[in-house]
Amino acid sequence: MPTMGALHAGHMRLVESARGENDVVVVSVFVNPIQFGPNEDFARYPRDWERDLKLLEEANVDAVYRPSAEEMYPPDARTRVRVSGVTDGLEGAARPGHFEGVATVVTKLFAAAAPDRAYFGQKDAQQVAVIKRLARDLDLGVEIRVVPTVREPDGLALSSRNAYLNPAERKAAATISSALREAAEAYASGERDTVRLRARLAARLALEPLVQPEYAELVDPATFEKPGTLAVIAARVGKTRLIDNHDLSEPFPG
Ligand code: AMP
Numbered sequence: 001m002p003t004m005g006a007l008h009a010g011h012m013r014l015v016e017s018a019r020g021e022n023d024v025v026v027v028s029v030f031v032n033p034i035q036f037g038p039n040e041d042f043a044r045y046p047r048d049w050e051r052d053l054k055l056l057e058e059a060n061v062d063a064v065y066r067p068s069a070e071e072m073y074p075p076d077a078r079t080r081v082r083v084s085g086v087t088d089g090l091e092g093a094a095r096p097g098h099f100e101g102v103a104t105v106v107t108k109l110f111a112a113a114a115p116d117r118a119y120f121g122q123k124d125a126q127q128v129a130v131i132k133r134l135a136r137d138l139d140l141g142v143e144i145r146v147v148p149t150v151r152e153p154d155g156l157a158l159s160s161r162n163a164y165l166n167p168a169e170r171k172a173a174a175t176i177s178s179a180l181r182e183a184a185e186a187y188a189s190g191e192r193d194t195v196r197l198r199a200r201l202a203a204r205l206a207l208e209p210l211v212q213p214e215y216a217e218l219v220d221p222a223t224f225e226k227p228g229t230l231a232v233i234a235a236r237v238g239k240t241r242l243i244d245n246h247d248l249s250e251p252f253p254g
C-alpha cells in the first residue's frame, strides 16, 4: 500500500482492507518529489514519521518501506513510466508530469514489494484509473483494490492537505462534497442530462465564495473521457487545492 505519510483515517481504512485480505501487508511512506510540480507543495507537504510509524505498528502492518529520494531516484536514473489517454484531462492537465511521477513510483514500489494486491483510495479516482491501466498494460500481475473514500461527518473527504485549511476554509470546504451529494440526489431522482448535472455541481460550488472551482465534470470512471457518471471536482479553498469525486449512479454515503 503506497502512501505519502501524514496518515489519517482514510489511509488506515486502506490498511484495514489490506490486513483483512492478505497474510502480509507492506506500507510505503514516501513523499514522491517527481509527482509534484515546481509550484506545488512538496516542501511543505505534512510529514510526521514518528506518528505514522506508531499508527502502522498499531494496525499490525508487517513492514514499512520508507526510502529516501536518493535511493528511489539515483542521479543516473533515466527511466520514467508514462500512461497516455486516461492521464490527458483533469488532474493530468492541471498537474503536468504528475501522473508520470505517480506511475513511475508505483511501478518501482511494485517491483520492490512484489505484491499480489495493491490498495488505492477512490478519493484519487483518476489515479485509480491510471494505476489500473498501468497494471494491465505492463502485465504487472498485481490486483488493484479500490477502497471507498473516508469522509468527515460533514462530508469533506479526508486528505493530508486538509491540515492546511484555516477554520473558515475548513467549513467552506464541505461545499465540495455537498455538491457531489446534491448531484447524486438529482441522479437518483431521474436526472440523466450530464449538462444539467454538471450545472448543478457548478451552481452549488458557486454559492461558497471561499471555494474556487478548477473543474467540475462528469466522466467515465475507467477512461476519464466525457461524459460519464463519475462526478469529479477540483477546487482551491484559499491556497489549498482539494479534489473529490463520487459516482452518481451510487447513493452518496451518510
Ligand atoms: P496519499 O498519502 O495521499 O498518497 O494517499 C495514499 C492512499 O490513500 C491513496 O491510494 C489515496 O487514494 C488513499 N486515500 C487518501 N485519502 C483517502 C480517503 N479520504 N479515503 C480513502 N482513501 C484515501
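Numbering follows our numbering, with no gaps: position 93 of the sequence shown is 93. Backbone N, C-alpha and C fix where the C-beta goes; we use that ideal spot for every residue, glycine too. Just so it is clear, the structure is predicted and the values come from calculations on it, not from any experiment.
Pick out whichever of the options has its Cα sitting closest to the Cα of residue i.
i: residue 17; options: 152, 59, 192 and 175; result: 59
i: residue 62; options: 203, 12 and 26; result: 26
i: residue 236; options: 94, 253 and 251; result: 94
i: residue 149; options: 50, 33, 49 and 247; result: 247
i: residue 52; options: 33, 36, 37 and 28; result: 28
i: residue 241; options: 176, 184, 34 and 12; result: 176
i: residue 138; options: 164, 110, 159 and 155; result: 110
i: residue 82; options: 98, 69 and 90; result: 98
i: residue 204; options: 183, 162, 123 and 254; result: 183
i: residue 23; options: 224, 117 and 79; result: 117
i: residue 47; options: 103, 218, 147 and 160; result: 160
i: residue 68; options: 238, 49, 57 and 55; result: 49
i: residue 217; options: 125, 140, 254 and 44; result: 125
i: residue 251; options: 238, 243 and 231; result: 231
i: residue 101; options: 75, 169 and 34; result: 34
i: residue 179; options: 75, 234, 143 and 107; result: 234
Buried or exposed: residue i, going by 16 or more other Cβ atoms within 10 Å of its Cβ?
i: residue 20; result: exposed
i: residue 190; result: exposed
i: residue 207; result: exposed
i: residue 133; result: buried
i: residue 71; result: exposed
i: residue 10; result: buried
i: residue 2; result: buried
i: residue 195; result: exposed
i: residue 84; result: exposed
i: residue 78; result: exposed
For residue i, write down the residues that DSSP places opposite it in a beta bridge.
i: residue 246; result: 231
i: residue 143; result: 117
i: residue 157; result: 151
i: residue 3; result: 29
Consult DSSP for residue i and reduce its assignment to one of helix, strand or coil.
i: residue 187; result: helix
i: residue 213; result: strand
i: residue 130; result: helix
i: residue 240; result: strand
i: residue 33; result: helix
i: residue 24; result: coil
i: residue 218; result: strand
i: residue 168; result: helix
i: residue 196; result: helix
i: residue 254; result: coil
i: residue 225; result: coil
i: residue 337; result: The chain is shown from 1 up to 254; residue 337 falls before or after that span and cannot be answered.
i: residue 39; result: coil
i: residue 11; result: helix
i: residue 137; result: helix
i: residue 208; result: coil
Say yes only if the C-beta of residue i is nearer than 7 Å to one or more non-hydrogen atoms of ligand 3, and no if none qualify.
i: residue 157; result: Inclusion of ligand 3 in the displayed structure is not the case, the ligand content consisting of ligand 1 alone.
What are the complete beta strand (DSSP E) segments, minimum 3 residues, inside the region 49-122? With a minimum length of 3 residues, the continuous beta strand (DSSP E) runs that stay inside the region 49-122 are 63-65 and 117-121.
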